[in-house]
Structure formats: structure tokens, C-alpha cells
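Below: one structure, written as C-alpha cells.
2 protein chains.
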Amino acid sequence: MADTNQPSKTQAILSHSPLFREISPDEVERIARSCREIHAPKGTILFQKGDQPNGFYLVVFGQLKLTFLSQTGAEKIVEIISAGQTFGEAVMFLERPYPVYAQTLTDSLLLHVSKSAVFEEIEHNKSFALKMLAGLSIRLHGLIHDVAAYSLDTATQRLIGFLLSQEGLKSQSGHASVTLKLPAGKAVIASRLNITPETFSRMIHDLVSNGLIEIEGKDITIPDIDLLRKFGS
Amino acid sequence: MADTNQPSKTQAILSHSPLFREISPDEVERIARSCREIHAPKGTILFQKGDQPNGFYLVVFGQLKLTFLSQTGAEKIVEIISAGQTFGEAVMFLERPYPVYAQTLTDSLLLHVSKSAVFEEIEHNKSFALKMLAGLSIRLHGLIHDVAAYSLDTATQRLIGFLLSQEGLKSQSGHASVTLKLPAGKAVIASRLNITPETFSRMIHDLVSNGLIEIEGKDITIPDIDLLRKFGS
DNA sequence: TGATTTTCTTGATGCACCTCAAGTTTTTCA
DNA sequence: TGAAAAACTTGAGGTGCATCAAGAAAATCA
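Note that the protein sequences, when read in sequence, are chains R and A.
Residue numbers for the first sequence follow the numbering used here, beginning at 218 and rising by one.
Residue numbers for the second sequence follow the numbering used here, beginning at 218 and rising by one.
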């Protein structure tokens, strides 16, 4: 699962990631040396709830899910992580085991950045610390948003919010027609939205029969964004 | 609402807070000078959703709620903040408005630590940056826990989890009898747990009639912690 | 390409929790 | 201390979404 280090390649990947973009080449090189490259086929479990972390992950390509399990064995997806995103930072700063499971949804390439490299970089580079702080803050906001959605929105509103959040449609306004591709299987998205696949299916077809979206496989067309945004509020 | 600065008093408060405990006296003094002391009577709105932050808050005494409102005007409490806790750090690191409202539940004394002081301290003191990172990470974990609870637990399980989390009863095991005091009105706690006051009331009395708790006003006695913990799973 | 597995849909039914409504108790404060 | 307000309880009825079940479509793979 873990390849041997290939600093030059790793370095190139790192220096394109937002976290490390403004860091000097020699420092990136040092960090790159502490990285582990992980080629994980679909279905690989990267860590389990309770495992002890010693770094964070950067997704080079592929996709994975962070989940937790209920006592009854039901699975709930907290987050879907795609190429370019990082995960596991928060737990790295606490002396605690992972609160979630991580499993790849597709064949993926990941970079594991060691805890010691991160701590060292924080010491040397103030702006790196600020970037980590900003990164955690963004994630925190995302979770606040989710808590709000679970508490106050109906399942349909959550679905619409999800569709609008794809491709940053939220900011885009007007009555333009947009097409997007569902980033994962419907069961996966349903779990992310805290609804069953059955309900997800019914709601999609509700929106279709109301003329708010068109669907063909994983491609969804929104003829009128504003109309969809207004629906269900 | 904002008193004039009283560096010496402020300094004393700061140096007792976990965030600043290990910081040298002269640096604490500098931070203290950038603080604003806020005496907020019950019901004071500290900031509204959409306000622009320029620092974070430390609760010296009192209690407040962080909430968001649905389109229909319904209020949901995300977090109850009590003496010794801080809030508003995450939003400070992003150039974004507050995603929530903050309102005092009781007469409170708060300290507002300015953004500039925090950023300066991060520059000067590496371990301060790590403390802020750890602080955000803890909050992130809390929210992950909440998302899990909203998604997978029943209302009763959330209530039991809340009772067990009071006074750190979770770690405490055995069949000891413990008494705790509800930290706020029942409607407030109910909202925090994402249930209606009516359901909250019914569930409390369910637990009472099952002999799992005894209640008298705001005092709740748990005769057998393990028994309560096992119930509803 | 056709067979097998996986994913998705559709229907019938159920239930956990909400809403509305009307007490009752506790707190607040003149 | 007593009256008004706020907080809490209890009941009846409704509903959004889950569950269970079984069939249709799509993806996978020999």
C-alpha cells in the first residue's frame, strides 16, 4: 500500500496544494521527504475509528468517505473527500484516536504528511500555522452548516442545497441552465445528506416532475437555478 | 456595554485561562491591553449572523447560546457556552461573517480579545499557535460528535448522552449514584439536543418512570450510571 | 455479449417525533 | 406576598421520513 518515497514527484504535488503553495522549495522538499505515498484501491480502509493518527492525508486523485457507525451497524457518511482535499488534520493536533472511519470510494492516490513535519513547519513558518488554522476553520464552518441543515431543513431542502453547492452554483445567480454530475453513487450522497436511498430517489423524481431538474444517469440539469433555490423554502 | 480597559484585572483573568496560561506575563499584559471587557445582561445579543468579527470572546462568568434561525424563524441552539469557554475563534481566521447568533442566557462578563493581538501572538509564540489549533480541533470533534448524534441516535439516546456528558460522567463508571444540575432551562437544552420541549419533558419522565433518573427541579439524580448508559442502545 | 451483481426505483406500511392546544407549576417582580 | 409572566407538562392528532419488500435498470465481468 505504501510506495517508497519519490521526493521529486511528491514535491510537485505538494507545491500545487493550497496548503504548501507559498512555501519555499527547500522547505517543501523537506516536507516531501517525510511523506508517504499511498496507492489505495477502491474499498481500502485507510484508518478505523479508534486508530491513532500520526499525520494528515492529502488526496491526489480519487475519492473517499469519512463515516461513523451506529451501535446497530448502520453507516453514516460525514464527508466525501475528493482530489485536492485534505483530512485528518484536526485529530492530529489532539492526542486522541480517530472518531471516524476512512475508506476509499474509488481507486485513489493519497499523500500522508507526517505529524512531525507539520509541527516543524509550524515552528519555522508563521504563515503555515495561519493556513492550518484557516483550514480547520473552514471545516468547522462546514460542520456548523451541516448541523444547521440537519436541524432546520427538510430532506428536500438538504438535497437542493447539495445540488446548488456542486460546482459553486450557490454564488451563481440568474436563470441560467447548468448541468452537473453527481460526484458519487446515489446511496453515498443520500447518506451524506442523512436520508435513505429510497427517500433520495423519491425526492429527485419529485424535483423532476416539478420541472426543477432533469436527470440522465449521473448528469443533472438545472434549467433555472433561482427557481430551484426558491423551491421548498 | 463595553467598559474601559482595566489591564490588571483583565490580565489576571487571561492568565488563568488555558489558552494563555503558559504565556509570559509581559505578553499577557500586551494582550490584555487589546481586550475589551463586556458586561452583558441576560438577553444581550453579542453579535448577529452576518456581523463581521474582529476577535474572539472568552466567557469570564455567565452563560450564552450560539444559535441559528430557519427561514421560518425557528431557532436552533448549536452550543451553550459557559464560564471559562471561548467562542468565535474559527470565524476570526476566515474573512467571513458570523454564521450564527450569540445571545446571553444569564448576566455575563465577557472578554473580547482582538484579532490583531491574536495574530501578533501567533507570530511571537509558536506554542500559542498550537494551542489555537488544538482548541479548534476540539471544537471540530465536538461538532463531529453532534453530527453523529443527530444522524444515528434517537432523541432519548441524545438526552442520555447529554446527561452523561455533564460533569464528565462518561468516563466515570460503576454503579455509583450521581446528582447533577441542568445547566440551563429545559427549552434551551431541548433545542441544543434538537428536540422540542414537549418531547424533552416526555422523555425525562420516561426515564423517571423507568427508574433510571430522579428529578427535582433542575437537579437530576442518576442512581446507576451504567444502567442509564445501557438504556436505549 | 450475455450472466451476475450492484444500484436504483416504486409501493405499502409504520413510527418517532412534531404540532397544536390547554392545563399546571414555577419564577419574576411590583 | 400576591399577581403576572414564564416555564413546564400532558394529551390528541398529524406527518415526514424510515423500513420492508420486490421489481427494474445499470454496471461489472467472465
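Even for Gly, the Cβ is constructed at its ideal location relative to N, Cα and C.
* In its own chain, which residues sit with a C-beta less than 6 Å from the C-beta of residue 397 of chain R, not counting the 5 before and 5 after it? -> 383, 384, 437
* What are the uninterrupted segments assigned as alpha helix (DSSP H) that are 4 or more residues long and contained completely in the region 273-335 of chain R, given in chain order? -> Taking only runs of at least 4 residues, the alpha helix (DSSP H) segments lying wholly in the region 273-335 of chain R are 306-309.
* **Length of the line joining the Cα atoms of residue 346 of chain A and residue 419 of chain A** => Roughly 45 Å separates the two Cα atoms.
* Limits of the beta strand (DSSP E) - the one that residue 255 of chain A falls within -> 253-257
* To do: Output the distance between the C-alpha atoms of residue 187 of chain R and residue 409 of chain R, rounded to the nearest integer angstrom.
  => Given that chain R is displayed from residue 218 to residue 450, the structure contains no residue 187 of chain R and the question cannot be resolved.
* Asked: From the DSSP output, which residues share a beta bridge with residue 436 of chain R?
  -> R/398, R/433
* Classify residue 264 of chain A as helix, strand or coil using the three-state DSSP reduction. => strand
* **For residue 312 of chain A and residue 247 of chain R, the rounded distance between their alpha carbons** => Cα to Cα, the separation comes out at about 31 Å.
* **Beta carbon proximity, residue 275 of chain A to chain R, threshold 8 Å** => no
* Short CB-CB distance (under 8 Å) between residue 236 of chain R and chain A -> no
* Thinking residue 253 of chain R and residue 358 of chain R are a contact (beta carbons under 8 Å), I'd like their distance in whole angstroms, please. => Not a contact, Cβ separation roughly 29 Å.
* To do: Taking residue 317 of chain R as the query, report the chain A residues whose CB atoms sit under 9 Å from its CB, ordered along the chain.
  => By Cβ distance, chain A contributes 361, 365.
* To do: Tell me whether residue 314 of chain R is buried or exposed, calling it buried when 16 or more other Cβ atoms sit within 10 Å of its Cβ.
  => exposed
* Using the beta-carbon of each residue, which ones in chain A are nearer than 8 Å to residue 356 of chain R? -> 357
* Nearest residue (CA-CA) to residue 293 of chain A, options A/242, A/305, A/379, A/414 -> A/414
* To the nearest angstrom, report how far apart residue 255 of chain A and residue 239 of chain A are at their CA atoms. => 24 Å
* Please classify residue 416 of chain R: does DSSP put it in a helix, a strand, or coil? => helix
* Asked: So is residue 427 of chain R buried or exposed if we call it buried at 16+ other beta carbons inside 10 Å?
  -> exposed
* Asked: Could you check where the alpha helix (DSSP H) with residue 379 of chain R kicks off and where it finishes?
  -> Residues 372-382.
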